[in-house]
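Colleague: Everything in the sequence shown is counted per my numbering, starting at 8 for the first residue and increasing by one.
Even for Gly, the Cβ is constructed at its ideal location relative to N, Cα and C.
Values in this document were obtained by computation on a predicted structure and should not be read as measured data.
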Amino acid sequence: VAVQLPKQEAYAPILEGRKGFLGASSLAIFVVMIIGAAAIRHVARPLQQLEQFALQVTSDLEKMETTGSQISDFALNRLSDIRSGDEIGRLAASFLKLATRLHSTFDSLHSTNLQLLRAKKAAQAEATRSQFQHSLILAIHEVSLDGIVVVNDKRIVMSHNKKFSDILQIPLLTIQNDSLDPAEGKP
Numbered sequence: 008v009a010v011q012l013p014k015q016e017a018y019a020p021i022l023e024g025r026k027g028f029l030g031a032s033s034l035a036i037f038v039v040m041i042i043g044a045a046a047i048r049h050v051a052r053p054l055q056q057l058e059q060f061a062l063q064v065t066s067d068l069e070k071m072e073t074t075g076s077q078i079s080d081f082a083l084n085r086l087s088d089i090r091s092g093d094e095i096g097r098l099a100a101s102f103l104k105l106a107t108r109l110h111s112t113f114d115s116l117h118s119t120n121l122q123l124l125r126a127k128k129a130a131q132a133e134a135t136r137s138q139f140q141h142s143l144i145l146a147i148h149e150v151s152l153d154g155i156v157v158v159n160d161k162r163i164v165m166s167h168n169k170k171f172s173d174i175l176q177i178p179l180l181t182i183q184n185d186s187l188d189p190a191e192g193k194p
C-alpha cells in the first residue's frame, strides 16, 4: 500500500517542528546570554574594584612624592570591600596586605624623618651654643687684665689666658687639661 500526499502536507509537521525548534533555540540562547552577562558582571566587579584601588594607590604614591601624603583610607576601604573566595579575592587580599605594609612603612619613615630632623636641629643648636661659649671665653680672655682660668666640675683646667700663666710663671701648654686639685700635687 502506498499513500501519496501532496508535498506541502507531507512536510507540514517538519516545518512546524522547525519553527518550534527555532523559537525554543532563540529563547534558550537569549536566556544563556542574560545568565552569561550576569556571570561576567559578577566576575568583573572585583576586577573593576581592584583596578580602581590600583589607580587610587598609584595616585596616592605620586602624591607622596610631591606632598608626603599617605595611602588614603578610601583606597584601603575600597580594597577591603572586595569579598571573593576565588583568585581575584586572594589577589585583592594580597594587595590589601601590601598596601597596609606600605602605609605602615611610610608612617614609620615619616616618624623617623621627623625624629632625625629634631635631633639635627638639637645638635645644631648645641654646636652653636658651644661655639658661642667658646668665642665668649676667648674674647674675655683677650680683653681681661686679670688672670683667668676656667675649670670643669672635675677641677680640670679647660682654658686660661696669658695673664694667668704670666702671673704663675707657668707655660701655657703645661696648664691645659691639668687638674687644680691640691691632693694631686699639681698647680
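#1: Is it true that the CB of V150 sits closer than 8 Å to the CB of H167?
#2: Rounded to whole angstroms, what's the CA-CA distance from A100 to D114? Just pull it up for me.
#3: Which runs of the alpha helix (DSSP H) fall wholly inside the segment 103–166 and span at least 4 residues, in chain order?
#4: Which word fits P178, buried or exposed, when buried means at least 16 other C-beta atoms lie within 10 angstroms of its C-beta?
#5: Taking its Cβ as the centre, do 16 or more other Cβ atoms sit within 10 Å of F28, making it buried, or is it exposed?
#6: Counting C-beta neighbours from all protein chains within 10 Å, is the total for F37 16 or more, i.e. buried, or is it exposed?
#7: Helix, strand or coil: which one does DSSP assign to L175?
#8: Is it buried or exposed for A106, if we count other Cβ within 10 angstroms and need 16 for buried?
#9: Round the Cβ separation of L57 and L98 to the nearest angstrom and send it over; I've been treating them as touching at under 8 Å.
#10: Can you have a look at F139 and say buried or exposed, based on whether 16 or more other CB atoms are within 10 angstroms of its CB?
#11: For V8, which three-state DSSP category applies?
#12: Buried or exposed: where does V164 fall if 16 or more other Cβ atoms within 10 Å of its Cβ makes it buried?
#13: Grab me the residues of K170's own chain with a C-beta within less than 8 Å of its C-beta, minus the 5 sequence neighbours each way, in chain order.
#14: Let me know the secondary structure DSSP gives P13 once reduced to three states.
#15: Excluding five sequence neighbours on each side, which residues of the same chain lie with their C-beta closer than 7 Å to the C-beta of I174?
#16: What is the rounded straight-line gap between the Cα of A17 and the Cα of K26?
Modeller: Based on what the coordinates show:
#1: No; because the gap between Cβ atoms is not below 8 Å, this pair is not in contact.
#2: Straight-line Cα distance between these residues: approximately 21 Å.
#3: Within the segment 103–166, no complete alpha helix (DSSP H) run reaches 4 residues.
#4: Exposed, by the Cβ-count rule.
#5: By the beta-carbon neighbour count (other beta carbons within 10 angstroms, threshold 16), F28 is exposed.
#6: Label assigned to F37: exposed.
#7: Annotated three-state conformation of L175 is helix, per DSSP.
#8: With a threshold of 16 other beta carbon atoms within 10 Å, A106 meets it and is buried.
#9: The C-beta distance from L57 to L98 rounds to 7 Å, short enough to meet the 8 Å contact threshold.
#10: Looking at its Cβ environment, which holds fewer than 16 other Cβ atoms inside 10 Å, F139 is exposed.
#11: If DSSP states are grouped into helix, strand and coil, V8 belongs with coil.
#12: Answer is buried; the Cβ neighbour count reaches 16.
#13: Non-local C-beta neighbours of K170 in its own chain, meaning closer than 8 Å and more than five positions away in sequence, comprise S151, L152, D153, G154 and I155, ordered along the chain.
#14: If DSSP states are grouped into helix, strand and coil, P13 belongs with coil.
#15: Cβ within range, chain order: G154.
#16: When rounded, the distance between both Cα atoms is 16 Å.
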